[in-house]
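Peer 1:
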Amino acid sequence: MIACMAAAGTMARLWIDAQEWSLSRIYGLWALIGRGSAMPPHLATGLDGERAAYFELRRRGYRVVARRWTSARVLGDVDLIGWDGGVLCLVEVKTRTQRDNNPAESAVDEDKRDMVRGLARAYLRTLSETERAAVPVRFDVVSVYLIQGTTEFEVFPDAFGWR
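Numbering (our numbering), first residue to last: 1 to 163.
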């Protein structure tokens with residue numbers, strides 16, 4: 001039974017890896033034919049980091065239900081929204097191409113936290129009142145470092161609270 005569960009976990013991980021590999025090749029081809037060149041480099045880096053964080057969180061067991069979620073009533077977007085077990089997680093992703101004195105997660109300042117909190121309230125309004133009252137919410141930050149062909153992650157669960 002345990003061997004069966006381990007094999008299922010391995011297969012799920014291989015499937016996630018295959019999806020990530022395929023998507024990276026598609027984006028590579030897209031850039032090669034000139035479709036990806038209109039985006040400023042810093043925005044492309046941010047999107048690459050969000051995509052990498054999406055797959056990393058899936059490997060860690062998160063069930064991601066939304067990417068780049070926006071609300072008509074609140075300015076901004078939430079990079080990823082997902083479930084870690086029974087906890088609803090709103091995830092802010094920060095990507096860097098080098099490590100320096102300021103880690104990527106330090107870019108999630110008070111203004112950014114306030115924006116994510118406001119978006120969390122808007123997202124919770126999409127749930128029924130019963131669900132809203134029962135669901136625990138957590139704010140996570142993921143730092144992604146895309147350095148010399150490697151990708152490094154630092155995940156900070158419960159990085160900040162409602163206040």
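Glycine included, each C-beta is placed from N, C-alpha and C at the ideal position.
Small disclaimer: the values here were computed from a predicted structure and weren't measured.
Can you tell me whether S128 is helix, strand or coil according to DSSP?
Peer 2: By one-based count along the sequence shown, residue 128 stands at place 128. Three-state result, S128: coil.
Peer 1: Out of E56, A72, G46 and D100, state which residue places its alpha-carbon closest to the alpha-carbon of W21.
Peer 2: Numbered from its first residue, the sequence shown carries residue 21 at position 21. Answer by Cα proximity: E56.
Peer 1: So what does DSSP say about R113, is it helix, strand or coil?
Peer 2: If you number the sequence shown from 1, residue 113 lands on position 113. If DSSP states are grouped into helix, strand and coil, R113 belongs with the helices.
Peer 1: If you draw a straight line from the alpha carbon of E154 to that of K94, how long is it in whole angstroms?
Peer 2: Taking the sequence shown and counting its residues from 1, one reaches residue 154 at position 154. Taking the sequence shown and counting its residues from 1, one reaches residue 94 at position 94. Distance between the alpha carbons of E154 and K94: 10 Å.
Peer 1: Could you tell me the alpha carbon to alpha carbon distance between G9 and R63, rounded to whole angstroms?
Peer 2: As a first step, residue 9 must be located in the sequence shown, where it is residue number 9. As a first step, residue 63 must be located in the sequence shown, where it is residue number 63. Roughly 14 Å between the two C-alpha positions.
Peer 1: So, A107 versus Y145, is the Cβ gap smaller than 8 Å?
Peer 2: For the purposes of this step, residue 107 is identified with residue 107 of the sequence shown, where counting begins at 1. For the purposes of this step, residue 145 is identified with residue 145 of the sequence shown, where counting begins at 1. No, the pair does not count as a contact, with Cβ atoms beyond the cut-off.
Peer 1: Is W162 helix, strand or coil when you go by DSSP?
Peer 2: Locating residue 162 in the sequence shown gives position 162, counting from the first residue. The answer is coil: DSSP assigns W162 none of H, G, I, E or B.
Peer 1: Whole angstroms are fine: how far does the CA of G76 sit from the CA of R13?
Peer 2: For this step, residue 13 is matched to residue 13 along the sequence shown. For this step, residue 76 is matched to residue 76 along the sequence shown. So the alpha carbons of these two residues sit roughly 32 Å apart.
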